[in-house]
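Student: Residue numbers (our numbering), protein chains in the order written: chain A, 79 to 414; chain B, 48 to 315. Idealized CB from N, CA, C, for every residue including glycine.
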Ligand SMILES: Nc1ncnc2c1ncn2[C@@H]1O[C@H](COP(=O)(O)OP(=O)(O)OP(=O)(O)O)[C@@H](O)[C@H]1O
Ligand SMILES: [Mg+2]
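#1: What is the DSSP secondary structure of residue 394(A), counted as helix, strand or coil?
#2: Which residues, in chain order, does the region 215–237 of chain A contribute to contact with chain B at a C-beta distance below 9 Å?
#3: So, for residue 269(B): in the same chain, excluding its five sequence neighbours on each side, which residues have a beta-carbon less than 6 Å away from its beta-carbon?
#4: Tell me whether residue 268(B) counts as near ligand 1, meaning its Cβ is closer than 7 Å to at least one heavy atom of that ligand.
#5: I'd like to check one pair, residue 216(B) with residue 257(B): are the Cβ atoms closer than 8 Å?
#6: Closer than 7 Å is what we want: which residues have a beta carbon that near any heavy atom of ligand 2? List them in chain order.
#7: DSSP three-state call for residue 171(B): helix, strand or coil?
#8: Among the candidates 70(B), 87(B), 311(B), whose CA atom is the shortest distance from the CA of residue 209(B)?
#9: Using the beta-carbon count (16 or more within 10 Å), is residue 341(A) buried or exposed?
#10: Under 8 Å, Cβ to Cβ, is there at least one residue of chain B near residue 322(A)?
#11: Any residues in the region 72–93 of chain B with a beta carbon nearer than 8 Å to a beta carbon of chain A? Which ones, in chain order?
#12: At a Cβ threshold of 8 Å, is residue 217(B) touching chain A?
#13: Using the C-alpha atoms, what's the distance from residue 378(A) back to residue 150(B)?
#14: Can you tell which of 121(A), 135(A), 97(A) has its C-alpha closest to the C-alpha of residue 308(B)?
#15: Got a sec: does ligand 1 put a non-hydrogen atom nearer than 7 Å to the Cβ of residue 121(A)?
#16: Is residue 99(B) buried or exposed, if buried means 16 or more other CB atoms sit within 10 Å of its CB?
#17: When the Cα of residue 98(A) is compared with those of 291(A), 331(A), 333(A), which residue comes out closest?
#18: At what residues does the beta strand (DSSP E) containing residue 252(A) begin and finish?
#19: So, helix, strand or coil for residue 276(B), using DSSP?
#20: Which residues does DSSP pair with residue 68(B) in a beta bridge?
#21: Taking only beta carbons into account, state which residues of the region 81–112 of chain A come closer than 9 Å to chain B, listed in chain order.
#22: Residue 347(A) to residue 280(A), Cα distance in whole Å?
#23: Any beta carbon from chain B within less than 8 Å of residue 196(A)'s own beta carbon?
#24: Whose C-alpha, out of 273(B), 66(B), 79(B), 181(B), is nearest the C-alpha of residue 157(B)?
#25: Work out the CA separation of residue 198(B) and residue 166(B) for me, nearest whole Å.
#26: By the 10 Å Cβ neighbour count, where 16 or more other Cβ atoms means buried, how is residue 237(A) classified, buried or exposed?
#27: For the region 271–286 of chain A, list every residue whose C-beta sits within 8 Å of some C-beta in chain B, in sequence order.
#28: At a threshold of 7 Å, does residue 239(A) count as lining ligand 1 (C-beta to nearest heavy atom)?
#29: Can you check which of these residues, 360(A), 267(A), 171(A), is closest to residue 211(A) by C-alpha distance?
#30: Can you list the residues of chain A that residue 67(B) reaches, using a CB-CB cut of under 7 Å?
#31: What does residue 138(B) touch in chain E if you count any residue whose Cβ is under 9 Å from its own?
#32: Quick check: the region 185–204 of chain B against the region 94–109 of chain B, are there 3 or more CB pairs under 8 Å?
#33: Below 8 Å on the Cβ atoms is my guess for residue 57(B) versus residue 185(A); work out the distance and round it to an integer in Å.
#34: Is residue 185(A) close to chain B? Criterion is C-beta to C-beta, closer than 8 Å.
#35: Measuring alpha carbon to alpha carbon, tell me which residue in 55(B), 177(B), 128(B), 159(B) is nearest residue 63(B).
#36: Report yes or no: do three or more beta-carbon pairs, one from the region 209–228 of chain A and one from the region 161–176 of chain A, lie closer than 8 Å?
Have a look at this one:
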């Protein structure tokens, strides 16, 4: 049940594009002042959710409220409290960075002086002061992205939608963006963030919702999701095919579940409990067995495993697909 | 602030934004004015001798109002292409997510394009004066001549705004609008007198609002000597009124349609 302190409440959201149903009843809430990570493979419907919440699209069913305002019937009031950074940077390339921000400030009705002051602050915050007076046409992809995010922040929105905010940023800029998002949250901003990077969700999001083919398939904190896909395991890579079989046999006493063998990469995964002590035991068992060990380690599940287990395809594949030229993947691509 | 003053101030912000682009990409204005200059010179000196006009009127005087009209109508097609470009680049999404007036993006666009059209008329008028065009009427009438051209072009801009929102690809908007605008500006009294048209086309041309804008401008600039009769059609006998009716009708239909399309449009 949605509580009083939920800044975003979404219930039974349905969206169709012609015969194709992009959202089939999505429910989610974002508590005031927290970050919700919306995860899912290409074509899952993440952008569609964001576009409905930011009043750009109308849902065909269900309802959504932002700070208690209905996105369908109180769209104007909703727009006054939200900031949107879409999946693709929406900056006017002919205007300078400064002009872009001031224009958006004016359209949020901040007034001339306030718009200018906010633009100055944000340009500085996003490392764009040197480029402030240059047309955005001359900006690199990362600079445009930062300018775009700055524009969505100009009026200090209560609720911020970030659709893949760090796609296309270099590692340093990405770290900077993460710090910045953390600052925003500590100032009380509520954020709904979609991402392809599970590390990003792990790091920034208080809670996560995983969607696939328009439906929620899992939700919870990162730990809760990781717990869903099981516990720790020993992973080892060996030098030969016989070694693989031999190692599997030797380690069977430690396994709490069926070990998994991958002949091609000659990798063995043994589900275990007991942490480092078990790993030491495993090494003992293998010693003098003649198995050539190339790599061995103890792994806890990360969100990649969660993603793989839940959606039946890896997050890396999803990321690779976005790197290509076709950004809007067909549903078939994401279901295989 | 009231809704109206919001709309005005938002529209101003958008108009300014659109004019900054003109400042940053001066080629836009250079080409917007070079091609009419070229037209003036081409028609005046290349075709001018081949076109039969009744006595009492020079081709320069006959031609310039036609060139004015053709240029501003073509100028208005940029409204559609620019809006399609904004749509493609996601700017319309950005604007639609802001608490701004619903019509400001379109008003700002059409008003900026009106400004561009005013500049190209000015350049053409100066060029015209150099090649023998003259205003033979009073100042208020001449102002009326420029106004009717601009008002008609403004109405066409709104038509093109709707096309831009529906078609969404700048190049396609251009090609699509040329298919309509070329016949409209050529099957008219723009460059040649109506007497030279075959009869079916002639009826079309007589009631074509482009013809009546041109006729209105000729009348108001004093480029239609009394000794040269105008066709009997009511439209050409009352060109100012007839053109004004068209402009108002276009605006009454296309402003609401374009605003509605804007509200429903989303990138992709
Ligand atoms: N305007 C539209 N018309 C038709 N289909 C659409 C439209 N917008 C989205 N879709 C389809 O809806 C599905 C969900 O799209 P959406 O953009 O929300 O996915 P996403 O989760 O954001 O994917 P990505 O990770 O690639 O950004 C996709 O299959 C997409 O092709
Ligand atoms: Mg997306």
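Tutor: Inspection of the coordinates gives the following:
#1: In the first chain, residue 394(A) corresponds to position 316, counting from 1. Below a pLDDT of 50, predicted positions are generally treated as unreliable, and residue 394(A), at 45, falls in that range; no measurement from the model is reported.
#2: 215, 226, 229, 230, 233
#3: Numbered from its first residue, the second chain carries residue 269(B) at position 222. These residues qualify, in order along the chain: 183, 184.
#4: Indexing the second chain from 1 puts residue 268(B) at position 221. No, since every heavy atom of ligand 1 falls outside the 7 Å radius drawn around the Cβ of residue 268(B).
#5: For the purposes of this step, residue 257(B) is identified with residue 210 of the second chain, where counting begins at 1. For the purposes of this step, residue 216(B) is identified with residue 169 of the second chain, where counting begins at 1. Cβ atoms of residue 257(B) and residue 216(B): not closer than 8 Å.
#6: 124(A), 125(A), 165(A), 241(A), 242(A), 272(A)
#7: One-based indexing of the second chain puts residue 171(B) at position 124. It is helical.
#8: Working through the second chain from its first residue, we reach residue 209(B) at position 162. Selected option, being the one with the closest Cα: 311(B).
#9: Stepping through the first chain from its first residue, residue 341(A) is reached at position 263. Burial call: exposed.
#10: Numbered from its first residue, the first chain carries residue 322(A) at position 244. False, the Cβ-Cβ gap to chain B never drops below 8 Å.
#11: 72
#12: One-based indexing of the second chain puts residue 217(B) at position 170. Not closer than 8 Å to any Cβ of chain A, the Cβ of residue 217(B) fails to qualify, so no.
#13: Walking along the second chain from the start, residue 150(B) turns up at place 103. Walking along the first chain from the start, residue 378(A) turns up at place 300. The alpha-carbon atoms of residue 150(B) and residue 378(A) are separated by roughly 55 Å.
#14: Numbered from 1 along the second chain, position 261 holds the residue referred to as residue 308(B). Comparing Cα-Cα distances from residue 308(B) to each of 121(A), 135(A), 97(A), the minimum goes to 135(A).
#15: Within the first chain, residue 121(A) is the residue found at index 43, counting from 1. For ligand 1, at least one heavy atom lies less than 7 Å from the Cβ of residue 121(A).
#16: In the second chain, the residue the question calls residue 99(B) occupies position 52. That one is exposed.
#17: For this step, residue 98(A) is matched to residue 20 along the first chain. Among 291(A), 331(A), 333(A), the Cα nearest to that of residue 98(A) is on 291(A).
#18: One-based indexing of the first chain puts residue 252(A) at position 174. Segment 249–264 is the alpha helix (DSSP H) holding residue 252(A); no beta strand (DSSP E) there.
#19: In the second chain, counting from the first residue as 1, residue 276(B) sits at position 229. Residue 276(B) falls in the coil class under three-state DSSP.
#20: Start at 1 with the first residue of the second chain, and residue 68(B) comes out as number 21. For residue 68(B), which the question treats as bridged, DSSP gives no partner whatsoever.
#21: none
#22: Indexing the first chain from 1 puts residue 347(A) at position 269. Indexing the first chain from 1 puts residue 280(A) at position 202. Those two C-alpha atoms are separated by around 24 Å.
#23: Here residue 196(A) is taken as the residue at index 118 of the first chain, counted from 1. Answer no: the Cβ-Cβ gap between residue 196(A) and chain B never drops below 8 Å.
#24: Here residue 157(B) refers to the residue found at position 110 of the second chain. It is 66(B) whose Cα lies nearest to the Cα of residue 157(B).
#25: For the purposes of this step, residue 166(B) is identified with residue 119 of the second chain, where counting begins at 1. For the purposes of this step, residue 198(B) is identified with residue 151 of the second chain, where counting begins at 1. Computed Cα separation, rounded: 14 Å.
#26: In the first chain, counting from the first residue as 1, residue 237(A) sits at position 159. Classification of residue 237(A): buried, given that the 10 Å Cβ count is 16 or more.
#27: none
#28: Here residue 239(A) corresponds to residue number 161 of the first chain, with the count starting at 1. No, Cβ of residue 239(A) sits at least 7 Å from all heavy atoms of ligand 1.
#29: Numbered from its first residue, the first chain carries residue 211(A) at position 133. Nearest option by C-alpha distance: 171(A).
#30: Position 20 of the second chain, counting from 1, holds the residue named residue 67(B). 172, 173, 177, listed in chain order.
#31: Looking for chain E here will not work: the only protein chains present are A and B.
#32: no
#33: Within the second chain, the letter at position 10 stands for residue 57(B). Within the first chain, the letter at position 107 stands for residue 185(A). That belief holds up - the Cβ atoms of residue 57(B) and residue 185(A) are roughly 6 Å apart, short of 8 Å.
#34: Indexing the first chain from 1 puts residue 185(A) at position 107. Cβ-Cβ to chain B under 8 Å: yes for residue 185(A).
#35: By 1-based counting over the second chain, the position of residue 63(B) is 16. The shortest C-alpha separation from residue 63(B) is found at 159(B).
#36: yes
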